[in-house]
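Residues 609 to 977 (our numbering) make up the sequence shown, in order.
For each residue, glycine too, the CB sits at the ideal point set by N, CA and C.
Keep in mind it's a predicted model, so treat the numbers as computed, not measured.
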Amino acid sequence: MIIGVPKEIKPQENRIGAVPAMVHGLVEAGHTVLVQKGGGLGAGISDAAFEGAGAKLVATAAEVYGRADMVVKVKEPLPGEYPLIRRGQVLFTYFHFAASQELTDAMLKSGAHCFAYETLEVQRRLPLLTPMSEVAGRMAIQVGAACLEMHNGGRGILLGGVPGVEPATVLVLGGGIVGTHAAKMAAGMGANVILMDIDLERLRYLADVMPANVHLLHSNPFAIREQLPHADLVVGAVLVHGARAPRLVRREDLKIMKDDGPVIVDVAVDQGGCVETCKPTTHEKPTFTIDGVIHYCVANMPGAVPRTSTFALANATAPWAIRLAKLGARAALQEPGLRTAANAIDGKVTHPGVAEAFGYEYVAPEKAL
609 MIIGVPKEIK
619 PQENRIGAVP
629 AMVHGLVEAG
639 HTVLVQKGGG
649 LGAGISDAAF
659 EGAGAKLVAT
669 AAEVYGRADM
679 VVKVKEPLPG
689 EYPLIRRGQV
699 LFTYFHFAAS
709 QELTDAMLKS
719 GAHCFAYETL
729 EVQRRLPLLT
739 PMSEVAGRMA
749 IQVGAACLEM
759 HNGGRGILLG
769 GVPGVEPATV
779 LVLGGGIVGT
789 HAAKMAAGMG
799 ANVILMDIDL
809 ERLRYLADVM
819 PANVHLLHSN
829 PFAIREQLPH
839 ADLVVGAVLV
849 HGARAPRLVR
859 REDLKIMKDD
869 GPVIVDVAVD
879 QGGCVETCKP
889 TTHEKPTFTI
899 DGVIHYCVAN
909 MPGAVPRTST
919 FALANATAPW
929 AIRLAKLGAR
939 AALQEPGLRT
949 AANAIDGKVT
959 HPGVAEAFGY
969 EYVAPEKAL
């Protein structure tokens, strides 16, 4: 099989879908790997490093898509890439279909076989979402702390305070991978952390592993509204597998928050956001303000730290990419893990969360081809 790795074109996206070790594994398995020239430079990977691992360099994305049977990426295709995608071509990347009907319709029209990192499930775990969730959770606190600085429009409060001065209060909505990493990061900086989740068993587990300055609360609309007035920084970290994120903070809720520059970081923006006023932003212009509340809603947060996130992602995706290339789309739809990653196959919606988001007919993956 010919596997293509194009350069990402999303604004300020410096990650790439493969690293030299992954290329080497694919070549050793008998595949040809095409890497677009310069695609890895943002992640600190030279063209020579890819060539040394056995890749063939090509000049343009059009050549990558035109020759590849399977394309491995980081982020969803953008409109400029839609015409390059053809029927029967395998795409393996993050899609987050439930947040974009335009993307969903474009991929259905293309007839490509779309396997999404974020829905691949093994024993109730999402192994290809985990590494970027870890990065995004930690980054949420890093960028949130910066947004709280007065020159950025924030309240002018240090997240961890100092002896004799109380720290900031950080409210984390969701106790999954993003939320736990955000809570640990904030706690490590000395903040007062409130972590909310709807799953009592998850809260019991977190009670055993979280630092003493992380306080655990059961999440419901009333409890969230009780905590919002006290929060300096709110992190939206809720995931519903393959579906649009639930709206936990409404527009009217902003009015009960502090009136002098509190911050919301909505990590769930790539699944539609769990804050009603959320809209996707870029690293170039990451924030906007509504009702005095600063919103940070960058949809590709890990793209800001590509030297870390590219390798973290490839460590997780490489075995699955090699397996998908070996099996091909038809056989992959019979494989328990890869089947859960199938979101759109041959013009059919093959994930229930995507079908529900837009009212489309759902076709079981194993019956799509």
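First and last residue of the uninterrupted alpha helix (DSSP H) at residue 664: According to the DSSP assignment, residue 664 belongs to no alpha helix (DSSP H) but to the beta strand (DSSP E) extending over 664 to 666.
Determine the contact status of residue 674 and residue 699, defining contact as a CB-CB distance below 9 Å. The answer is no: Cβ separation not under 9 Å.
Under 8 Å, with one C-beta from each stretch per pair, do the stretch 644 to 658 and the stretch 939 to 951 reach the 3-pair mark? Two segments are said to touch when three or more pairs of C-beta atoms, one from each, lie closer than 8 Å; by this definition the stretch 644 to 658 does not touch the stretch 939 to 951.
Within the 9 Å Cβ cut-off, does residue 965 reach chain D? Of the chains in the structure shown, none is chain D; there is only one protein chain.
Report the rounded CA-to-CA distance for residue 791 versus residue 940, giving the unit in angstroms. When rounded, the distance between both Cα atoms is 37 Å.
Measuring CA to CA, which of 963, 908, 927, 763 is closest to residue 874? That would be 908, whose Cα lies nearest to the Cα of residue 874.
For residue 813, the nearest candidate out of 828, 783, 829 (CA to CA): Looking at the Cα atoms, 783 is the closest of the given residues.
Enclosing alpha helix (DSSP H) for residue 755 [first to last residue]: Boundaries of the alpha helix (DSSP H) harbouring residue 755: 738 to 755, taken from the DSSP string.
Excluding the 5 residues flanking residue 779 on each side, which residues of the same chain have their C-beta closer than 6 Å to its C-beta? Here the set comprises 802, 835, 839, 842.
Beta-carbon within less than 7 Å of residue 898's beta-carbon, same chain only, minus the 5 sequence neighbours each way: which residues are those? Correct list, in chain order: 862, 885.
Taking a contact to mean a Cβ-Cβ separation below 9 Å, would you say residue 775 touches residue 799 in this structure? For residue 775 and residue 799, yes; Cβs fall inside 9 Å.
Extent of the continuous beta strand (DSSP E) to which residue 856 belongs: Counting along the chain, residue 856 sits inside no beta strand (DSSP E), nor does DSSP assign it H or E at all.
Figure out for me which residue from 811, 771, 757 has the closest Cα to the Cα of residue 902. When each option's Cα is compared against that of residue 902, the closest is 757.
Give a yes or no on contact between the stretch 920 to 931 and the stretch 956 to 966, applying the rule of three or more CB pairs nearer than 8 Å. They do not touch, by the three-pair rule.
Beta-carbon proximity list for residue 822, same chain, < 7 Å, skipping 5 on both sides: Contacts found: 791, 795, 801, 803.
Whose CA, out of 614, 630, 703, lies closest to the CA of residue 952? Closest option to residue 952, Cα to Cα, is 703.
In chain order, what residues of the same chain lie with their CB nearer than 8 Å to the CB of residue 781, ignoring the 5 residues before and after it? Cβ within range, chain order: 787, 804, 827, 832, 842, 843, 844, 845, 846, 856, 857, 882.
Evaluate residue 851 with the Cβ neighbour count: other Cβ atoms within 10 Å of its Cβ, from every protein chain shown; 16 or more gives buried, anything less gives exposed. Around the beta-carbon of residue 851, 16 or more other beta-carbon atoms lie within 10 Å, marking it buried.
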